[in-house]
Structures are given as structure tokens and as C-alpha cells.
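Down below is the structure, laid out as C-alpha cells.
In the numbering used here, the protein residues as written are 929 to 1124.
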């Protein structure tokens, strides 16, 4: 009887630890996917910003030249001449598309996006793509950078797995433990209620 219970307990423990490992891996995959999407969106914003800045600059330069030549006044009838005509856009979009593709192929865009993705996952404040004149972002507030909430039944297994990982890292001279990837809010609330 005792041997059967012991075997069942070992099997249950192994199943729970396996489930925890699966949850950790899924969280890691989700965090990587979401941080890559955020980094890609930031990169796209920069390219679109460059495109619109270029179009605005050309439009402004054209306006200044036309006004100096006396061809444009600030009247309603000349309003269409104040901005770059829309038929110029098809000539400039392929140029930016080509530049974007060149950046992917030869100039390390994918490495920059991966680096930005790692900075996003670290949760520390940084300038986009580590360029000082780009916006500063504190990515620690993103929900995917916070620990995953797990049911209280998994807490003891989680603690045991963390201790085993810490021991393994110490024995193999590996760098420090990852930050806590799970929390148990229901259990903490229950403990607080018990102590009151």
C-alpha cells in the first residue's frame, strides 16, 4: 500500500513539474513573440516617420521655391500648390520600400529588432534601439513582462523547481537565476486572510 502511494506521488510530482516546465516555456514563447511585435512596430514607425518627414521636407522646400519665384500665394485657389501633389507619392514609396528591404537584407535590421526585443523583455527603461535621440520607453509596465499568475496548488512545485534550477546554476558556474516568472496572488490573499 505504501509503495503504491509512493509511486503515485512520484508520478504526480513529475507530472506537475513537467506541467510547470511547459507553462514556463509557453510564457517565454509568448513574451518573445509579443516583444518582437512591439519592436517591429517601433521599427515600422521609424520608417514611416522618415517617409513622412521626407515628404514634408520636399513639400516645404517646393513651397518655399514656388513662393520665392512668385508662382504661389497664400490664397485658397493656390492651396493645392502648398503641399506636394499626391501624384508624387507613388514615386517615393518604392524608394522607401527598397531602402527597407536593403536594411533587412544587408544592414542588420533583424539583429536590431532582436536587440530591441531583448531590451523590451528586460523591462528596463531605454531609448528605442539604443539611439539617444529616439523616444525613451520604460517597458516594465507591459503585462507580458510581469509574472504569470498560477493556481496555488502549483506553488510548492514552483519553489522546488526554482531551488533545483538555482542549485544547477551554482554547480555549473552559470550566471544568476532568471527573474520570477510566476506568482500566486490567490494564495497570498488567502494567507493574509488567515493571519488577520
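Ideal placement from N, C-alpha and C gives every residue a C-beta, glycine not left out. All of these numbers come straight from a predicted model, not from anything done at the bench.
Going by DSSP in three states, residue i sits in which element: helix, strand or coil?
i	result
residue 949	helix
residue 1052	coil
residue 1066	strand
residue 1110	strand
residue 1123	Note on residue 1123: pLDDT 47, under 50, position unreliable in the model; the coordinate value appears next. DSSP places residue 1123 in helix when its eight states are reduced to three.
For residue i and residue j, what's the separation of their Cα atoms in angstroms?
i	j	result
residue 960	residue 995	52 angstroms
residue 1063	residue 1033	26 angstroms
residue 1036	residue 940	47 angstroms
residue 1028	residue 980	15 angstroms
residue 942	residue 1100	23 angstroms
residue 1022	residue 944	54 angstroms
residue 1056	residue 1065	7 angstroms
residue 1087	residue 972	41 angstroms
residue 985	residue 1069	36 angstroms
residue 938	residue 948	15 angstroms
residue 936	residue 946	15 angstroms
residue 1050	residue 934	41 angstroms
residue 966	residue 1067	10 angstroms
residue 970	residue 932	57 angstroms
residue 1091	residue 1054	32 angstroms
residue 1052	residue 955	19 angstroms
residue 997	residue 991	10 angstroms
residue 1107	residue 1084	17 angstroms
residue 1082	residue 1076	12 angstroms
residue 999	residue 987	15 angstroms
residue 989	residue 1102	58 angstroms
How about residue i and residue j: do their beta carbons lie closer than 8 angstroms?
i	j	result
residue 1059	residue 963	no
residue 1105	residue 1094	yes
residue 1026	residue 1078	no
Considering Cα atoms alone, identify which of the options is closest to residue i.
i	options	result
residue 968	952, 982 and 1043	1043
residue 958	1067, 1052, 1072 and 999	1072
residue 1109	966, 997, 950 and 974	950
residue 975	1030, 1096 and 1091	1030
residue 1020	1080, 998, 978 and 1041	978
residue 1024	993, 1052, 983 and 1061	983
residue 952	1103, 1102, 1098 and 1074	1074
Let me confirm a value: residue i is counted as buried when at least 16 other C-beta atoms fall within 10 Å, else exposed. Which label applies?
i	result
residue 1039	exposed
residue 1017	exposed
residue 1041	buried
residue 1045	buried
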